[in-house]
Amino acid sequence: MKKLLTVLLILIVSCKQENKVNTKTKNSTHKAIETVKENLAEDTPKAFNLLNIVFKNLDLKKESCKTDLITTQINPNNTKETIVVIPEIAIESEDYLEFNSHILLVNSATGVIKQNYFESSKTNGWVSDAVQLRKITIDTTSYTINDTTNAFGIRVYYANTSRVNPYTHETLSLFKKKKHSLTKILHNFDVAIQRGRWGTGCDSEFTDIITTLIISNKKVNNHFNIIAKNNSAKSITSVDNNGECNSKDTITIKPRVLKFNGVTYKEHEYNNVTFKTLINAIPLKNKPLIDSTNFDNFTATKFYNKEEVLSLKLENIYPNFYKEGYNYKATSSYKLKYSCEFHSIVFTILKGDNEMESVLINYNMSGELIDYKVISYDEITEGWSKIESKIKGNHITINDILWVEEKHQRLKLFEIDTIGNIKRVEDAYNSPETPSTIQIERVIQQLNIDKLKIKEEFVSSKILTHNKDESIVIIPEIASDDDENMYRLNSHIALVNNTTGKITHKYYESSKTSGWESDAIMLSEIAIDTTKYQLNDYTKAFGIQVYNYGLSRVNPYSNRTLSLFVKSGDSLKKVMHHYTILDYSGEWDGVCAGESNEVKNTFSIYKEQANGYFNIQVESTITKSETFVINNDDCDSKDRISTKTRILKFDGETYK
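All residue numbers for the sequence shown refer to the working numbering, where the first residue is 220 and numbers rise by one.
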């Protein structure tokens, strides 16, 4: 300890100007002691001796330097070398300093200067004024700038003293060896900026910008490009309408590229051609589709490199992408066509070895993020959670699946608007929760139907009028789904105990025979008919009505059918199959002239029976209409109404 103090005192004395030492100089010298102790703690006496040799070789007096900013560091790429940084005072006045910079590589054993770099204060930017130059550090990160050369960095840290408007700033310069000298290849590049504004109360605004450098594998002038990843975090705090103090945080990541021009690295706009090239290479998928990406069906082996990840802004969504221990990987899946104003791309992200997800990202045409949503997820550690999605038109139906004792599914419906925002909307039967929606949810669980295959607009439930303890639930399941208006549905019909929520009777019919389909004649409604159809003294039926219509104005068409169901053991049995109760068709010139035919059928239960069920009398009201042009181009019509009666009898299987 005595030896250390003696050496430190020698340094203090050597840096004094005889009889001209003021308090400011003393404080500066004490800081120099602490700085040098930190940087050269392994061998302090030898380090001071090294500095003395360097000063002598430079013919530089210590009293002309800013001693508390002197720093040294063993070169990790060559431990026989020491990097030395000496700021020489060029101009000094009250609260103002300019420094010449001496950057040296010296022999660690002898202190002999091997390479050096000098720059005048007029060009190096080392100025201390209201924004004070507080610290100079040596950055020994291995900046591999080509196949044979590593550069080292010098960081300069600045800060002001304002509490109301705080400001800090850090720059990085890179140096490489060039024969017997050093050459600067990156000049005062901003790597950190912090600035703020603190008002009264909670009124404040603070911005923190951190830039990290990533060496690219692309070269210009035999030097690798450097990707500068700019991470900007902005926080604004203010009083809301309720008088509460709330803050809003915004984080953006913007890449820039530094290219070597033969002398130094210069900043260029990040090449958006890379983004466009990446997007153009992704295959297009047509809607509708179901995304159920998982470990069982994932086969990709090619993943994006760092430049491509930056170009696609994936770190904006996954900040831990390149953090140690996370091991993220990304690959493209497909793109979707929503608009000519933005791109819609689905990427698959591997989150380590046990998790993966697909994310739909909307970009503007310049490659900036608009919005994103995770549309599928799988994990193989516990195997208890999963996400799948159905994409149809501009809607995304996301199915969150959770296995806790039994399978639970939760649908969330999202909509992509005209500018690429992804917004949550209410779905058909999940929100808000009512006794009816809870009952439907339980039926879906008991029938084990994939929610993404449910045609949600036709899902319904209704309490039986003749038995308030039971409800009918309809679940239409998509069997084929070619586009928005062309599909075929399997039919699930369940009778449910309203107290227990358990299915007591159920019916299933394939789309091949169910008649639940939509094409040129669109399916518009599947409705529960709780009219009491008394088929014998002990049996009551309920009905399901299906309504279809055509879109043609000149050949209008619509049709409503009725099917009847009765209990049979623990099942439901269909005893009437799609009997027409309303049929309308016509031809029209689009202006006035035309004709139409409408048939309405009403049922009456007769006491006569066939095979155990009452006969049903069908009374048809037939209306034939004609419209035509009369005088003065007026449009008139004439109706002819007739009736017809027929009897339906049960043949043991169905009414005919």
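A virtual CB, placed ideally from N, CA and C, is assigned to each residue, including glycine.
message: What does the alpha-carbon distance come out to for the pair Asn384 and Glu543?
response: Roughly 35 Å separates the two Cα atoms.
Span separating the alpha-carbon of Gly330 from that of Ile564: Using only the alpha carbons, I get a separation of about 58 Å.
- request: Assess, as a yes-or-no matter, whether the stretch 389–397 is touched by the stretch 405–425 under the definition of 3 or more beta carbon pairs within less than 8 Å.
  value: Yes, the stretch 405–425 touches the stretch 389–397.
- prompt: Taking the continuous alpha helix (DSSP H) assigned at Glu527, which residues delimit it?
  reply: Run containing Glu527: Lys525 to Ser530, per the alpha helix (DSSP H) assignment.
- prompt: If you drop the 5 nearest sequence neighbours on each side, which residues of the same chain put their C-beta closer than 6 Å to that of Lys857?
  reply: Take Lys857, set aside five residues on each side of it, and the residues of its chain with a beta-carbon closer than 6 Å to its own are Glu845, in chain order.
task: Mind listing, in chain order, the continuous alpha helix (DSSP H) runs of no fewer than 4 residues lying wholly within the stretch 613–683?
output: Runs of the alpha helix (DSSP H) inside the stretch 613–683: 654–666.
message: Would the stretch 569–584 count as touching the stretch 472–488 if we require 3 or more Cβ pairs under 8 Å?
response: As far as the Cβ criterion goes, the stretch 569–584 does not touch the stretch 472–488, which means the pair count is below three.
task: Could you spell out the range, first to last residue, of the alpha helix (DSSP H) harbouring Lys731?
output: Taken as a continuous stretch (DSSP letters only), the alpha helix (DSSP H) holding Lys731 covers Ser730 to Ser733.
query: Under the three-state reduction of DSSP, which class applies to Ile434: helix, strand or coil?
result: Ile434 falls in the strand class under three-state DSSP.
- prompt: So which of Ser400, Asp870, Pro538 and Val439 has the shortest CA-CA distance to Tyr336?
  reply: For the residues Ser400, Asp870, Pro538 and Val439, the minimum Cα distance to Tyr336 belongs to Ser400.
message: Using C-beta distances below 7 Å, list every residue in its chain close to Ala647, excluding the 5 sequence neighbours before and after it, in chain order.
response: Any reading at Ala647 must be qualified, since the residue scores a pLDDT of 45, below 50, and its modelled position is unreliable; no value is offered.
field: Beta carbon of Ile673 nearer than 8 Å to that of Ile693
entry: Not closer than 8 Å, so no.
message: Between the alpha carbons of Val255 and Leu432, how many angstroms are there, rounded?
response: Low confidence applies to Val255: its pLDDT is 40, below 50, so where it sits in the model is not reliable, and the reading given next is rough at best. Straight-line measurement puts the Cα of Leu432 at about 28 Å from the Cα of Val255.
- request: Return yes when the Cβ of Ile355 is within less than 8 Å of the Cβ of Thr290, no when it is not.
  value: A contact, by the Cβ cut-off of 8 Å.
message: Just to confirm my understanding: we take Asp636, look at its own chain, exclude 5 residues before and 5 after, and list those with CB closer than 7 Å. What are they?
response: Result list for Asp636: Lys642, in chain order.
query: According to the neighbour-count rule (16 or more other Cβ atoms, all chains shown, within 10 Å of its Cβ), is Leu770 buried or exposed?
result: Residue environment for Leu770: exposed (fewer than 16 other C-beta atoms within 10 angstroms of its C-beta).
Proximity to Ser787 [Cα-Cα], best of Asn774, Phe274, Lys725 and Ser327: The option with the nearest alpha carbon to Ser787 is Lys725.
message: Alpha carbons only, please: which of Ala378, Phe566, Gly462 and Asp459 is nearest the one belonging to Ala411?
response: Closest option to Ala411, Cα to Cα, is Ala378.
task: Could you tell me which residues DSSP pairs with Trp417 in its beta bridges?
output: Trp417 is bridged to Ser423.
- prompt: CA-CA distance, Ser247 and Glu534?
  reply: Bear in mind that a pLDDT of 38 at Ser247, under 50, signals an unreliable position, so the number given afterwards is only what the model happens to contain. Distance between the alpha carbons of Ser247 and Glu534: 43 Å.
field: For Glu728 and Lys721, the rounded distance between their alpha carbons
entry: Taken atom to atom, the span from the alpha-carbon of Lys721 to that of Glu728 is near 20 Å.
- prompt: Taking one C-beta from the stretch 337–350 and one from the stretch 366–374 each time, how about it: are there three or more such pairs within less than 8 Å?
  reply: Cβ pair count under 8 Å is below three, so no.
- prompt: With distances taken from CA atoms, which of Asp510, Ile615, Ile429 and Ile434 is nearest Lys473?
  reply: The shortest Cα separation from Lys473 among Asp510, Ile615, Ile429 and Ile434 belongs to Ile429.
message: For Ile606 and Glu587, what's the separation of their Cα atoms in angstroms?
response: The C-alpha of Ile606 lies about 26 Å from the C-alpha of Glu587.
query: When DSSP labels each residue in this structure, what does Ile498 get in the three-state scheme?
result: Helix, per DSSP.
task: Flag this pair as yes or no: are the beta carbons of Val476 and Ile373 separated by less than 8 Å?
output: Not closer than 8 Å, so no.
task: Would you list the one or two residues that DSSP bridges to Lys485?
output: Lys478.
- prompt: Can you tell which of Thr359, Val644, Ile860 and Ser577 has its C-alpha closest to the C-alpha of Thr616?
  reply: It is Val644.
query: In the DSSP assignment, what residue or residues form a beta bridge with Cys464?
result: According to DSSP, Cys464 bridges with Val458.
query: Arg859 to Tyr803, Cα distance in whole Å?
result: Between the alpha carbons of Arg859 and Tyr803 lies a gap of roughly 14 Å.
task: Look at the alpha carbon of Ser551 and the alpha carbon of Glu660, and state the distance between them as a whole number of angstroms.
output: Roughly 34 Å between the two C-alpha positions.
- request: For Leu503, count neighbouring C-beta atoms within 10 Å of its own C-beta (all shown protein chains included) and say buried if the count is 16 or more, exposed if not.
  value: Leu503 counts as exposed, since fewer than 16 other beta carbons sit within 10 angstroms of its beta carbon.
- prompt: Is the Cβ-Cβ distance between Asn297 and Glu307 less than 8 Å?
  reply: No, Cβ-Cβ distance for Asn297 and Glu307 is not below 8 Å.
- prompt: When burial is assigned at 16 or more other CB atoms within 10 Å of the CB, is Pro695 buried or exposed?
  reply: With 16 or more other Cβ atoms within 10 Å, it is buried.
- prompt: DSSP puts Asp858 in a beta bridge; with which residues?
  reply: The beta-bridge partner set that DSSP reports for Asp858 consists of Ser844.
Sheet register partners of Asn440 (DSSP bridge): Asn440 is not bridged to any residue.
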